[in-house]
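Undergrad: Residue numbers (the numbering used here), protein chains in the order written: chain A, 1 to 152; chain B, 1001 to 1152.
Take a look at the following structure, please.
Number of protein chains: 2
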Amino acid sequence: MSTRFTKDALETVPPAPLTVLTQTAAHWVMRGVLDGLHRAGYAGISEAHLALLGNLDCGTTKSAAIGQRMGISRQAIYRTVREMQALGLLRLEEDPERGNQKLVVMTADGEKLALRARAILAGLEQSLCRRIGADRYAQFRAALEAEWGPAE
Amino acid sequence: MSTRFTKDALETVPPAPLTVLTQTAAHWVMRGVLDGLHRAGYAGISEAHLALLGNLDCGTTKSAAIGQRMGISRQAIYRTVREMQALGLLRLEEDPERGNQKLVVMTADGEKLALRARAILAGLEQSLCRRIGADRYAQFRAALEAEWGPAE
DNA sequence: CATGTGTTGTAAATCACGTTGACGATATAC
DNA sequence: GTATATCGTCAACGTGATTTACAACACATG
């Protein structure tokens, strides 16, 4: 492990800018859920998979709509969908009406994984809530949903 | 531009999980500052550069300490430092006492860029504050600093 | 009906940013 | 003086995104 750090003390750091704060938070949450899933036996699940899963709770959509919602190109989605399909979490269905596009639908295994992920996330949120206080946490979440939540 | 989206309507989306909320927020802030810098004429500045800059406000440190603070390997920092050095934003100084390690110090151009970035960020925060309300924003920031701020 | 325009799925090359592993040089503790 | 740890440096690699390209289908308009 010649690549990691050990003990050295951190120096004094002035107020961290919002850029690093938000990124640290996002990384913390993502890492927490991902580690929880891996510990629960779900190997092979990556950040991209989990992100896609989070934007798929709505059930079934065409993959381009997902990409649009996530703010990334549909080509990026495509690879992730393929990978999750190979893992047996998703299925691609032909749309009988629009031969143009296909529908992304979760398999039973996919649903089970999503359920598990939500449980782990709930645990993380609870521990976070306990640490920073209930109403501060409520305002934190409210701010997130107000600005970056669905149907802004 | 066959890779982007145009008008399509977004479908109904249930409550977004904290994973996507935090990631969306982080992406929004980072993108905002980065776009502002590019519009201001600072080309060639990447996300990694900006992130490094945010953890460098303290003035001068050895690069390994920066990596430690950012939670990434010192090898990852090294490349970014090199790039910013090539852009004339940073300088690597030999530490006369510890021949072992070097000091990362900002050039005048670097300071100017940092100043500009902070100004853009302040503008973003202000507009955000105006949209979601002052005290909600205050709690939002307080939560971020309490949990993921410096010297937790 | 024919034709242009837009959206979708698919594929490949490339880029950005991180990791791991390895190595020499220096600092430090025994 | 020898063992151990840290730092800087280099190379290989993985992952997740972008860009470019193209064929197929949808739809509006002539």
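Glycine included, C-beta positions come from ideal geometry on N, C-alpha and C.
#1: Of all the residues that make up the region 1020-1046 of chain B, which are near chain A by a beta-carbon distance shorter than 8 Å?
#2: Which residues in chain A sit within 8 Å of B/Q1100, going by Cβ to Cβ distance?
#3: Using alpha carbons as the reference points, say which of A/A114, A/A146 and A/W28 lies closest to B/C1129.
#4: Counting only C-beta atoms, is A/E111 closer than 8 Å to chain B at any point?
#5: For A/M1, name the three-state secondary structure that DSSP assigns.
#6: Quick one: what does DSSP say B/T1080 is sitting in, helix, strand or coil?
#7: For B/V1104, which residues does DSSP report across the bridge?
#8: Hey, does A/E125 have any beta-carbon neighbour from chain B nearer than 8 Å?
#9: By a C-beta neighbour count over all protein chains shown, 10 Å radius and 16 as the cutoff for buried, is A/Q99 buried or exposed?
#10: Could one say the Cβ of A/R116 lies closer than 8 Å to chain B's Cβ atoms, at least one of them?
#11: For B/H1038, is the classification buried or exposed, using 16 other Cβ atoms within 10 angstroms of its Cβ as the cut-off for buried?
#12: Let's see if you can read the secondary structure: which residues bound the alpha helix (DSSP H) around A/E97?
#13: Sort A/A122, A/W148 and A/I120 by Cα distance to B/I1132 and report the nearest one.
#14: Please identify the residue among A/T19, A/D35 and A/L18 whose C-alpha is closest to the C-alpha of A/G123.
#15: Quick one: is A/A16 near chain B, going by C-beta distance under 8 Å?
#16: For B/L1128, which residues in chain A fall below 7 Å Cβ to Cβ?
#17: Could you check what DSSP says for A/L115 in three-state terms: helix, strand or coil?
#18: Residues in its own chain within less than 7 Å of A/E47 by CB, not counting five upstream and five downstream?
#19: Check whether the Cβ of B/D1008 lies closer than 8 Å to any Cβ atom in chain A.
#20: Grab me the residues of A/I45's own chain with a C-beta within less than 6 Å of its C-beta, minus the 5 sequence neighbours each way, in chain order.
#21: Distance, Cα to Cα, A/K102 vs A/S63?
#22: Going by beta carbon distance, what residues of the same chain come within less than 6 Å of B/I1077, once the five residues before and after it are set aside?
#23: How many whole angstroms separate the CB atoms of B/A1143 and A/T22, which I take to be in contact at a CB cut-off of 8 Å?
#24: Kindly indicate which residue of A/G54, A/W28, A/P17 and A/A16 has the alpha-carbon position closest to the one of A/G110.
#25: Taking the C-alpha atoms as reference points, what is the distance between B/V1020 and B/E1097?
#26: Are the CB atoms of A/Y42 and A/L115 nearer to each other than 8 Å?
#27: If A/H49 sits next to A/M84, beta carbons under 8 Å apart, how far is it from one beta carbon to the other, in whole angstroms?
#28: For A/Y42, which of helix, strand or coil comes out of DSSP?
#29: For A/Q126, count neighbouring C-beta atoms within 10 Å of its own C-beta (all shown protein chains included) and say buried if the count is 16 or more, exposed if not.
#30: If we ignore side chains and look at the alpha-carbon of each, how far apart do A/E94 and A/T61 end up?
#31: Expressed to the nearest angstrom, what Euclidean distance is found between the alpha-carbon atoms of B/L1087 and B/A1051?
TA: Walking through what the data contain:
#1: V1020, L1021, T1022, Q1023, T1024, A1025, A1026, H1027, W1028, V1029, M1030 and V1033
#2: Residue 1100 of chain B is actually Asn in this sequence, not Gln. By Cβ distance, chain A contributes nothing, its closest Cβ being about 13 Å from B/N1100, past 8 Å.
#3: Answer by Cα proximity: A/A146.
#4: no
#5: Low local confidence applies: a pLDDT of 43 at A/M1 is under 50, so the model's placement there is unreliable, and no value is given.
#6: B/T1080: helix per DSSP, three-state reduction.
#7: B/T1061 and B/L1092
#8: yes
#9: For the sequence presented, residue 99 of chain A should be read as Gly rather than Gln. Burial call: exposed.
#10: no
#11: exposed
#12: That residue, A/E97, is in no alpha helix (DSSP H); it is neither H nor E in DSSP.
#13: A/W148
#14: A/D35
#15: yes
#16: E147
#17: Note: A/L115 maps to helix in three-state DSSP.
#18: M30 and L34
#19: Confidence is the limiting factor: at B/D1008 the pLDDT is only 43, short of 50, which leaves the residue's position unreliable and the question unanswerable from this model.
#20: L37
#21: 7 Å
#22: S1063, I1066 and G1067
#23: So it is not a contact: roughly 11 Å between Cβ atoms.
#24: A/G54
#25: 47 Å
#26: no
#27: 6 Å
#28: In the three-state scheme derived from DSSP, where H, G and I count as helix and E and B as strand, A/Y42 is classed as coil.
#29: exposed
#30: 12 Å
#31: 15 Å
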